[in-house]
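Here is the structure we will look at.
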Amino acid sequence: MNDNNTILEINDLSVNFDTLAGSVNVVRDINFSVNSGETMALVGESGSGKSVTAMSILRLHDEEKVNYSTGSIFFKGQNLLGIDESQIKQVRGSDISMIFQEPMTSLNPTFTVGDQIMEPLRIHKGMSKSAAKKRAIELMELTGIPDPQNRFDAYPHLLSGGQRQRMMISMALACDPKLLIADEPTTALDVTVQLQILLLLEKLQKEFSMAVLMITHDLNLVKRFADQVCVMQEGNIVEQGDVGPLFEQPQHPYTIKLLNSEPARIIPQGESQAVQQHDELLRGQDLKCYFSTKSGLFRRTTSTVKAVDDINLFLKEGETLGIVGESGSGKSTLGRCLLRLENCSGDIYFNEQQIDQLKHSALRPLRKEFQVVFQDPYSSLSPRMTIEQIVGEGLQIHFPELGKAQRREKIQKVLLEVGLEDDILWRYPHEFSGGQRQRIAIARVVILEPKLILLDEPTSALDVSVQKQVLALLRELQERYKMSYLFITHDLKVIEAVAHRIMVMKDGKIVETGETNEIFTEPKETYTRNLLTASLFKTVS
Amino acid sequence: MSHYLDKEQLLHLSPNKRAWMRFRNNRRGYYSLWIFSLLLFISLFAELISNDQPLIIQFEQEYYFPLLNDYPETTFGGDFVTKTDYNDPYIREKITAKGNWAIYPLNNYRYDSINYFAELPNPARPSVQNLLGTDDRGRDVLARLIYGFRLSVLFALILTAIGVVVGIIVGSIQGYFVGKVDLVTQRLIEIWGSMPELYLLIIFASIFKPSISLLIVLLSLFGWMGLSDYVRAEFLRGRNLDYVLAARSIGVPNIGIMFKHLLPNSMVPVLTFLPFRISGAILALTSLDYLGLGVRPSTPSLGELLSQGKENIDAWWLSMTTFGVLVGTLVLLIFIGEALREALDTRRG
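Protein chains in written order, with our numbering: chain A, 1 to 541; chain B, 542 to 890.
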C-alpha cells in the first residue's frame with residue numbers, strides 16, 4: 001500500500017464532534033489510500049460519514065467542535081492533522097482542492113466568476129492580475145464554457161447550474177492540484193448535465209494526472225467512473241477494493257443490500273393496459289401557467305416564462321401517471337396547477353366536476369379527495385407539531401364529527417399501515433430519519449383516504465435503500481385504497497418501477513407520452529432517448 | 542450538576558424543551574432569570590415589606606390590622622381623631638408598651654410617607670431611620686426604589702405584551718397575505734413611524750393629566766413597529782415552505798395556517814427580542830419621568846428620583862442608588878436576553 005504512487009494515506013482516522021449530548025463519534029478508525037491519477041469513490045448513505053471524512057482532509061470542520069481522537073492523514077508525506085492553521089491554508093486550494101454539491105450556493109453571488117477563479121491563482125501562485133486573467137480564461141475554456149472572454153465578467157446568477165459547476169471546477173483546477181475532492185459534484189444537476197460534467201472531470205483528470213476522491217451515493221456513477229471504492233456505513237468502512245471485483249462479488253451484507261436496492265418494476269405485467277379501462281378521475285385541458293416579470297415605470301411585462309404551456313392530460317382511477325422532466329421543465333408547476341395550488345388557465349375536471357372555477361372556500365371540502373406528498377420530508381413537516389397533530393390535522397378539518405379518541409384510533413391505524421409504530425404520537429418530526437418522515441407525510445394524506453395523490457419527487461431526498469421501501473409502500477397503499485397517483489420525478493429508474501404511463505416534459509410542453517414499457521424500450525423522440533442514456537449510464541461508451 | 546443528557550433522551554424532547562435545555566446551560570442567563578423573577582415576585586408584595594403601618598397590632602387584648610382598616614389615633618390612646626401615624630414616636634411607644642405589641646414591616650415607610658420626625662434636613666443622608674436616606678420632600682428613598690422597581694417592571698411587561706401582540710398580528714397579516722395588503726400596510730407603517738413620538742408625548746402630557754395608563758397607550762401606539770417587521774420576514778420565509786403548502790392542500794383555512802403552522806415557527810425573533818424590549822420599556826419610562834413628561838410626581842418612579850439626584854447633586858444617595866437599581870435590572874435582562882438568543886440558535890445542538 002505504501003508505494004511511491006500513494007498520494008493520500010489515511011490511517012486509523014476517527015472524528016468526533018462535541019454536541020449538547022456530549023462527544024459524538026462520527027467516523028471510526030478508517031483506513032484508505034489514494035494513488036495519483038486514480039479515482040477513489042467513497043460510497044454510502046446519508047449519515048455514513050463520507051462527507052465528514054472528506055472535509056477532515058482539508059480540516060474544514062469547525063475547529064472548536066471537532067476532535068480527531070486517533071489517526072493521521074498523510075498527504076505527500078506530511079501529516080495534515082499535525083500542521084498548524086497557516087500551513088493548512090497553503091494546502092487548501094493549491095495541492096488539494098474541493099468542489100461541492102450545490103453549485104447554486106458555492107459561488108459568491110457578489111463577485112464575478114472571473115474574480116473568483118483568479119482568487120486562488122493570486123493567493124497561491126502570486127500571479128499578476130493580467131496573468132491570472134489569462135490563465136482563468138484558459139481554464140474556463142478547458143472546462144468547456146462557451147465564450148469565456150465574455151463570461152469572465154458574468155455574475156453567478158447569470159449562469160445555469162451546469163455552467164456554475166464548470167466554474168467551480170475551473171476554480172478547483174486553477175493551481176494544478178494533486179488531489180481533487182468532489183463531494184457529490186453532480187447530485188444537484190440534471191441528468192444530461194450530470195453526464196457532461198462527469199465526462200469532463202474524467203478528461204481533466206487525465207490531463208492534469210491528478211487523483212480524485214469522489215463522494216457519492218450513486219452506485220451507477222461509481223461503477224462507471226471510479227477505479228477504487230470504499231463503502232461506508234455509520235462511520236466505518238465496511239468494504240473496499242477495486243470497483244470491478246467489488247461490484248461483481250460483494251462480501252459485506254451492507255454492500256449487497258446497497259447493490260440490491262436499485263428500484264425494480266413492481267407493476268405486474270398487463271396492469272398498465274387493464275387500468276386504461278377504468279373510469280376517468282382527472283382531466284386537464286389546455287392548461288397554461290405563465291409567470292411574467294414586469295419592469296419599468298408602467299409595469300410592462302418584459303419577459304414571460306411559460307412554465308406550463310398548453311397541456312392536455314387525463315388520469316384513470318387506480319392509475320399511476322409518471323411525469324418526467326429535468327429541472328425547469330414545468331412538471332412541478334403542472335402538478336400544483338392540477339390541484340389548484342397554483343393559478344392557471346384551462347379546464348380541470350375532477351371526478352367529472354369542473355374545479356378550475358371554484359372559489360377557495362368551495363374547494364376546501366373537496367381537498368380531502370386530492371392530496372400531495374412533497375419531495376423534502378424535512379421541510380414538509382412543521383417542526384413544532386407532534387406526529388399526532390400533523391397526521392390528525394386533516395381529520396379535524398374534514399371529519400369534525402370524530403371525537404378525540406376516535407381520531408387517535410384512526411391515526412394509530414394509519415401509522416401502522418405506513419410501517420411506523422403506533423406509539424410515536426407525542427414525538428416530534430426531528431426525531432425521525434428521512435425515510436420515516438416521508439412515511440409520516442404519506443400517513444398524513446392517506447388518513448383522508450383520497451382518490452388522488454400528487455407525489456412530487458417523493459423519493460429523491462431519500463437514500464437508495466429507503467427509496468425502494470417507500471416505493472413499495474406507495475404501491476401497497478395504491479392497491480389497498482385504489483388510489484391514483486400523479487408521480488412527478490426526474491429519476492427514470494424510479495418511474496420505471498412504479499408508473500403505468502409516462503409523460504415526458506420539456507420547457508412546459510409534453511415531449512412524448514405513452515405506456516411505460518414502450519417509452520423505455522422504444523422512445524420516439526430524441527430528447528427522451530438522451531434522457532434515458534444519461535440517466536442510466538448504460539449506453540455510455 | 543450537569544445538564545447533559547444522553548443522546549437518546551435529547552432526541553425525545555420537543556424543540557421548545559431543547560431550547561430550554563440550552564438556556565439552562567448558559568449559567569449566567571439562567572441565574573439572571575431566577576434573580577429577576579425573585580426580585581419581581583418580592584416587589585409584588587412591596588406593601589408588606591415597606592410600609593408606614595404595622596402589619597398587625599395587639600393593643601389591650603385586641604388585634605388591629607392597619608393595612609386593611611384605618612384607625613383613628615384615639616384608638617391607641619392618642620389625642621386626635623385623624624388617621625394614626627404609626628411612625629409618631631408617641632404612638633409607637635403606646636402600642637409597644639407592656640402587654641401590647643406590633644409587627645412593623647422591614648422598612649417603615651411607604652413610597653409617599655414623609656418622615657416628619659427626621660433629625661436631618663431633607664434630603665437626608667442614609668441613617669438608621671432611613672436606610673438609603675430621604676429625597677428632597679422627606680420621602681424614604683429605599684421605599685421609593687422598591688415601589689419604583691415594581692412599577693417600572695410591570696409597566697414594561699404590559700407595554701411589551703401589547704407591543705408583541707400587535708406586532709405579531711400586523712406582521713403575520715403582512716407576511717402571509719403579501720401583495721397589496723403588504724404594500725399598503727408597509728406604507729402606513731412608514732407614515733406612522735415617521736411621526737415625532739416625543740413631540741406627541743409632550744403635547745399629550747400638557748393636554749391630559751399624566752398617568753401610567755396614558756403612557757401605556759401612547760407608547761404602545763408606536764412600540765409594535767420594530768417587531769412587526771421581524772414577524773413579517775419570518776412569515777415571508779415560512780409561507781413558501783412545503784409544510785405550509787401541505788397544510789393548504791389538506792384544506793386548512795388561512796387563519797389555521799397562520800397561527801398553527803407559521804406562528805410557532807416564527808417566534809424566534811419575538812422571543813429573542815423580548816428581554817431587550819422589556820429593558821427598553823423600562824428605560825423609556827425612566828427617561829420620560831426624568832424629563833418630567835411621565836407620571837405624576839407622587840408616583841414612585843425611578844426617573845423622578847434621578848431628576849431629583851440631578852437637582853441635588855451633592856445628595857449622592859439619590860442618584861447612586863437609583864442608578865444601581867436601573868443598571869442591575871437592565872444587566873439582568875440583558876444576560877437573560879443573551880442566554881435566550883443562544884438557546885434559540887438551533888445550530889447549538
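In this text, a Cβ means the ideal position worked out from N, Cα and C, and glycines have one as well.
Could you round the C-beta distance between residue i and residue j to whole angstroms and report it? I think they count as a contact, below 8 Å.
i	j	result
residue 373 of chain A	residue 455 of chain A	5 Å
residue 336 of chain A	residue 381 of chain A	No, residue 336 of chain A and residue 381 of chain A are not in contact; Cβ-Cβ is about 19 Å, not under 8 Å.
residue 885 of chain B	residue 573 of chain B	Contact flag wrong, Cβ pair sits at about 16 Å.
residue 488 of chain A	residue 515 of chain A	With 8 Å as the limit, residue 488 of chain A and residue 515 of chain A do not qualify as a contact, their Cβ atoms being about 18 Å apart.
residue 834 of chain B	residue 746 of chain B	5 Å
residue 58 of chain A	residue 92 of chain A	5 Å
Against residue i, what residues of chain B qualify as contacts under a CB-to-CB distance less than 8 Å, listed in chain order?
i	result
residue 376 of chain A	783
residue 364 of chain A	792 and 794
At what residues does the alpha helix (DSSP H) containing residue i begin and finish?
i	result
residue 786 of chain B	783 to 791
residue 780 of chain B	No alpha helix (DSSP H) holds residue 780 of chain B; DSSP gives it neither H nor E.
residue 129 of chain A	129 to 142
residue 823 of chain B	808 to 832
residue 316 of chain A	Note, residue 316 of chain A: premise wrong, no alpha helix (DSSP H); beta strand (DSSP E) at 300 to 316.
residue 631 of chain B	630 to 637
residue 166 of chain A	161 to 173
Please classify residue i: is it buried, with 16 or more other beta-carbons within 10 angstroms of its beta-carbon, or exposed?
i	result
residue 82 of chain A	exposed
residue 232 of chain A	buried
residue 333 of chain A	buried
residue 541 of chain A	In this predicted model, residue 541 of chain A has a pLDDT of only 33, less than 50, meaning its place in the structure is not dependable; the value taken from the coordinates is given anyway. Classification for residue 541 of chain A: exposed.
residue 65 of chain A	exposed
residue 360 of chain A	exposed
residue 53 of chain A	buried
residue 642 of chain B	exposed
residue 725 of chain B	exposed
residue 823 of chain B	buried
residue 319 of chain A	buried
residue 264 of chain A	exposed
residue 878 of chain B	buried
residue 268 of chain A	exposed
residue 666 of chain B	exposed
residue 398 of chain A	buried
residue 124 of chain A	buried
residue 539 of chain A	Confidence at residue 539 of chain A is low in this model, with a pLDDT of 44, below 50, so its placement is unreliable and no value can be given for it.
residue 459 of chain A	buried
Given this structure, state the Cα-to-Cα distance separating residue i from residue j, to the nearest angstrom.
i	j	result
residue 370 of chain A	residue 512 of chain A	25 Å
residue 313 of chain A	residue 200 of chain A	38 Å
residue 545 of chain B	residue 46 of chain A	At residue 545 of chain B, the pLDDT of 47 sits below 50, so the modelled position is not reliable; the number obtained from the coordinates is stated separately. Each residue's alpha carbon lies about 26 Å from the other.
residue 279 of chain A	residue 521 of chain A	28 Å
residue 326 of chain A	residue 254 of chain A	31 Å
residue 242 of chain A	residue 167 of chain A	31 Å
residue 234 of chain A	residue 67 of chain A	17 Å
residue 890 of chain B	residue 771 of chain B	Confidence is the limiting factor: at residue 890 of chain B the pLDDT is only 49, short of 50, which leaves the residue's position unreliable, though a coordinate-based value still follows. Rounded to whole angstroms, residue 890 of chain B to residue 771 of chain B spans 24 Å at the Cα level.
residue 635 of chain B	residue 618 of chain B	7 Å
residue 442 of chain A	residue 403 of chain A	23 Å
residue 134 of chain A	residue 140 of chain A	10 Å
residue 24 of chain A	residue 16 of chain A	5 Å
residue 614 of chain B	residue 657 of chain B	16 Å
residue 2 of chain A	residue 207 of chain A	Residue placement at residue 2 of chain A cannot be trusted, given a pLDDT of 46 that sits under 50; what the coordinates show is reported in the next sentence. One C-alpha to the other measures close to 25 Å.
residue 602 of chain B	residue 627 of chain B	19 Å
residue 301 of chain A	residue 291 of chain A	10 Å
residue 542 of chain B	residue 568 of chain B	Its pLDDT being 34, under 50, residue 542 of chain B is placed unreliably by the model, and the measurement read from it follows with that caveat. Distance between the alpha carbons of residue 542 of chain B and residue 568 of chain B is about 11 Å.
For residue i, return the contacting residues in chain A, with the cut-off set at a CB-CB distance below 9 Å.
i	result
residue 556 of chain B	383, 384, 428 and 430
From which residue to which residue does the beta strand (DSSP E) around residue i run?
i	result
residue 16 of chain A	6 to 19
residue 349 of chain A	345 to 350
residue 371 of chain A	370 to 373
Starting from residue i, find everything on chain A with Cβ-Cβ shorter than 7 Å and list it in chain order.
i	result
residue 568 of chain B	Within 7 Å Cβ-Cβ: nothing; residue 568 of chain B doesn't reach chain A, min ~15 Å.
residue 790 of chain B	339, 341, 367, 371 and 372
residue 706 of chain B	Ordered by position in chain A, no residue passes the 7 Å Cβ test against residue 706 of chain B, which lies about 20 Å from the chain.
residue 793 of chain B	393 and 397
So residue i contacts chain B; which residues on that side make the cut at Cβ distance below 9 Å?
i	result
residue 380 of chain A	782, 783, 784, 786 and 787
In chain A, which residues lie less than 8 Å from residue i when you measure between Cβ atoms?
i	result
residue 805 of chain B	382, 384 and 385
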